[in-house]
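Presented below is the structure to which this report refers.
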Amino acid sequence: MFISENPEKMMGEKLIHYFSQGKCEGNAEMKNLLGGKGANLAEMCNVGIPVPPGFTISTSVCQAYCQDNELSNDLRNEIKNYMAMLENDIGCKFGDLNNPLLVSIRSGSVSSMPGMLDTILNVGLNDETVVGLAKKSGERFAYDSYCRFIMMYSNVVLQLDHHLFQDVVDDKQQKSGAKSLADLDVDVLKRIVDDFKKIVYEKTEKHFPQNVEEQLLNSVNAVFASWKNDRAVSYRRIHNIPENLGTAVNVQAMVFGNLNDNSATGVIFTRNPSTGEKKLFGEFLVNAQGEDVVSGVYTPMPIDGEQENTMEKLLPSVYLELCAVCEKLERHYKDMQDIEFTVQDGKLWILQTRSGKRTAEAAIRIIVDMVNEGTITKEEGILRIDPKTFDNLLHPVLDVKSDQKVIGKGLPASPGVASGYVVFSASDAEKAAEQGKKVILVRSETSPDDINGMNAASGIVTARGGMTSHAAVVTRGMGKPCICSVSGLYINKDGTFFSVGDTKVKKGEPITINGGTGEVMLGILPTISPELSQEFKTIINWIDEIKTIKVRANADTPKDAKIAKEFGAEGIGLCRTEHMFFASDRIEFIQKLIIADDENERANALIKLEEMQKSDFKEIFSIMEGREVTIRLLDPPLHEFLPNNQSTIEKIAKSFNKSVESVKSKVAQLSEKNPMLGHRGCRLAISHPEIYSMQIRAILSAANELKKEKSVEIKPEIMIPFIMNEKEFILICELAKKESSVISAGIQTQIPASRAGMTSDKAYSIGTMIELPRAALIADKLAKHAEFFSFGTNDLTQTTMGLSRDDSVNFLDSYKESNIFDNDPFEVLDTEGVGELIKIAIERGKQTRKEIKLGICGEHGADPKSIEFLIKSGVDYVSCSPYRVPVAKLVAAQFSVKSKFVG
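Residues in the sequence shown are numbered consecutively from 38, following our numbering.
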């Protein structure tokens, strides 16, 4: 339910604002009150652009309407007063039988929501006023307008299916050989009007409304109500637009592009929205209304070019005037504009201007060009970059020339495009990958048990789960596309097919997914790698000049480290050592360690694991070339490395020469009801110190050998997860000191290696993840021993709020709709609760150790709002997945610019 933050604020507030060349009660700065469209209409009037006059009903009214579902009597009377002002301006009268005024009713939200909200044109036509309009401007035009009005009003206000009316038009066009509504003669149009009115009566048992005041007020109601329609709600959820903004409603005198062949309507961009080229880009239709251009029913003509049917050639004087308007508006707004216009009998009218939607590539080019042109500064350019747009530049994209059949849509959880053959289990994904096949893993949802299959798959699709579900978080870290919560996705019990609506896709059949749009498509579709332009590199250089904190990457393998470095990571903020064990050629050694029956077996498994880890650490250190690397010791509970299905258990038992019963017994012994709060993290080191000892030896040995071989100075940061008690941390610090001392003394341990030359006080730094509330509250005690804190905001959010990251998706939407949460707390940091704990930890930690290093390595490390809060709180760096490093850098630079402007 939509709830106004302050219902009382309407009392005494001006709710309607008039705009015209002679009188304008608004400007561009009033966007929150007038919506984007209303504010820009007022601004254009102020700067002398030809705009049809009208008035804007403010967003505050929408907030009240969404509570009461009706307009107040006072507001209804005020609308009548403003209609009288409009009548005086235009010289026509609303509802007059001889000289009728017609108006458009258009939405205008604060944040652009193209196509999501409703519009109604030609309000004021009925069986009598259409006769007056016909006498004044011609029968064909009048009945063409009446047809359009009945169709739109019936769909938007009366909630009747648009196709009921479009089918009538299509039938008449087919019989007469006409290509469009504009080609039908007046007698046919009159019959269409009669047919439309019959449909209305049959479906509603009421006649089409003839009272023009009723038409007006019902249309205003309907446009306000469209704020709550399903597509608008979904759009706001996906784009994180607050529910409580509301939309304004613009009532504007109609101008007619369908008056005659000297009339037209169209849309024009001041620069090419696909490439960013500084060249007008637009389309128009002669003898048409605005909806015709964007409906897809008709084929518009180009504004200019070599063809004969361009506006430049057909309406040359209007074209020149339009070019001048485009230049003036872009210069005024200092941004590429998307402009809607109508030509009525040779007279140009501008109906709307707004910052134009553009591709990521175009956005970057336009910013660099405008900086070079002196239109904006580098800082202004950085502020204009949308982080999501920036992110899209870094992932594979579909070839636009391909034939795409979309069969389903879900949440765009991780960007990128992938094609592959459908599989329904992690084991099938692994088998297929071993055979060199690319697969898309389709699951109801994923869990840690699926990690190998996820690693093997090219992309993931789930029926459930949100933007921060297991599937979403893991795939973002992997840089793989993922779509969650695909609407209507059904997987049959046998795992042989999935269906979405009437489309059935069998196991082994190919699909393509676009993680940037959430679309699932049939077949293997061609993709192209993004080419990072010179403009992109220029932007990155500006960002590095401006930002004031470091941006590291979460990288678990040498491959991840290479990607992180390529994307400009200034170090690794989180290397999750458990991810090194999940590869198919390594998992058996951690499994051997877990199910070992005696010390000898355990020792042999540890030796092999230490070799693997040291090799990985050495390669990672070499790749990062002296940059800081924070390595988190083993975190997940041990049971996550063991299988939970009979066939795999039998396979492991046979491979390790164990009985099936003994392996099943170990699985049962390690199983936990709530593993998220169970035997994990530092608790493993208390119970099994040999695991952490092995990992510390591997880290320090790798750093020491690399220093000797390549003279690369490495001081690893060893991070202990899930600390809740000072004594826990002391014990592990002592364990680390012991291993460091052994190495520095040159003593040969289980793995023969020359480890001399390291001193225990300089070999490494040690710190902890703050991911439990108690750790934050005792940060002053932990800082006695910890040289750094890294906030693990994923788990800190779960443990502070009592929310499961994976399960809470089932009810978080209800919480956002009820305004309990503005955002998903796993996407945007909860600053009141989790954020307060972070501030407490920072304050108390610095009281004990002023120079303590502070970072964040949770999923919030690339979220703009979260990064701003964390910088204000005093962190030294943020860490995120390699593919999101440029985005995090951008957000950090944007914060620096904002802080400078405020200062």
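We put the beta carbon where it would ideally sit given N, CA and C, even for glycine.
Item	Value
Measuring straight from C-alpha to C-alpha, what distance separates L814 and Y852?	28 Å
Can you grab the Cα-Cα spacing for the pair T390 / K74, in whole Å?	7 Å
Closer than 6 Å by C-beta to K517: which residues in its own chain qualify, once you throw out the five before and the five after it? Chain order, please.	G496
Since Q289 sits in a beta bridge, which residues does DSSP pair it with?	G91, S141
Classify H897: buried if its beta carbon has 16 or more other beta carbons within 10 angstroms, exposed otherwise.	buried
When you compare the stretch 346-357 with the stretch 257-271, are there three or more beta-carbon pairs, one atom per stretch, that lie closer than 8 Å?	no
Tell me which residue opens and which closes the beta strand (DSSP E) that S802 is part of.	802-807
Using a Cβ-Cβ cut-off of 6 Å (strictly less than) and excluding sequence neighbours within five positions of D375, which residues of its own chain qualify?	F306, R391, G393
Starting from L296, trace the beta strand (DSSP E) in both directions and tell me its first and last residue.	First-last for L296: undefined, no H or E at that position.
Take S191 and list the residues in its own chain whose beta-carbon comes closer than 6 Å to its own, dropping the five residues that flank it on each side.	L197, V237
Could you give the first and the last residue of the continuous alpha helix (DSSP H) run that contains R886?	Counting along the chain, R886 falls outside any alpha helix (DSSP H), and DSSP gives it neither H nor E.
At the level of alpha carbons, what is the spacing between E576 and I419?	Rather than Glu, the amino acid found at residue 576 in this sequence is Ile. The alpha-carbon atoms of I576 and I419 are separated by roughly 8 Å.
Which one of K172, L772, L201 has the shortest CA to CA distance from C184?	L201
Do T312 and R402 count as a contact pair if the criterion is CB distance below 8 Å?	yes
Classify Q835 as buried or exposed, calling it buried when 16 or more other Cβ atoms lie within 10 Å of its own Cβ.	buried
When you compare only the Cα positions, how much space is there between V257 and G545?	51 Å
Closer than 6 Å by C-beta to I760: which residues in its own chain qualify, once you throw out the five before and the five after it? Chain order, please.	C719, F766, T805, A812
Enumerate, from N- to C-terminal direction, the unbroken beta strand (DSSP E) stretches of 3 or more residues contained entirely within the stretch 391-473.	443-446, 448-451, 454-460
Which same chain residues end up closer than 8 Å to R177 when comparing Cβ atoms and leaving out the 5 residues on each side of it in sequence?	D222, V223, L226
Does the distance from the CB of A450 to the CB of T396 come in under 8 Å?	no
Rounded to whole angstroms, what is the Cα-Cα separation between D952 and L849?	Nothing in the structure corresponds to residue 952, since the chain is present only between 38 and 940.
Please say whether G457 and V956 have beta carbons closer to each other than 8 Å?	Only positions 38 to 940 of the chain appear in this structure, which leaves residue 956 out of reach.
Give the range of the alpha helix (DSSP H) segment to which N106 is assigned.	Looking at the DSSP string, N106 is not in any alpha helix (DSSP H), and its letter there is neither H nor E.
May I have the straight-line CA-CA distance separating K442 from I561, to the nearest angstrom?	11 Å
Just the C-alpha distance for L138 and L254, rounded to the nearest angstrom, thanks.	15 Å
Closest to N297 by CA distance: which of A179, A466, F534 is it?	A179
Can you grab the Cα-Cα spacing for the pair K902 / T347, in whole Å?	46 Å
If we count the other Cβ atoms within 10 Å of its Cβ and call it buried at 16 or more, is R368 buried or exposed?	exposed
In the DSSP assignment, what residue or residues form a beta bridge with E377?	V304, Q389
Using a Cβ-Cβ cut-off of 6 Å (strictly less than) and excluding sequence neighbours within five positions of K890, which residues of its own chain qualify?	F825, D913
Between the alpha carbons of M338 and E320, how many angstroms are there, rounded?	5 Å
Less than 7 Å between the CB of H54 and some heavy atom of the ligand ATP, yes or no?	Absence of the ligand ATP is noted for the structure shown, with no ligands found whatsoever.
Within the continuous alpha helix (DSSP H) that includes G496, where are the two ends?	Premise fails: G496 lies in the beta strand (DSSP E), 496-499, not in any alpha helix (DSSP H).
Opposite V557 in the DSSP bridges: which residues?	G445, I550
Specify the secondary structure class of E607 as computed by DSSP and reduced to three states.	coil
From which residue to which residue does the beta strand (DSSP E) around S845 run?	Per DSSP, S845 belongs to no beta strand (DSSP E) and is neither H nor E.
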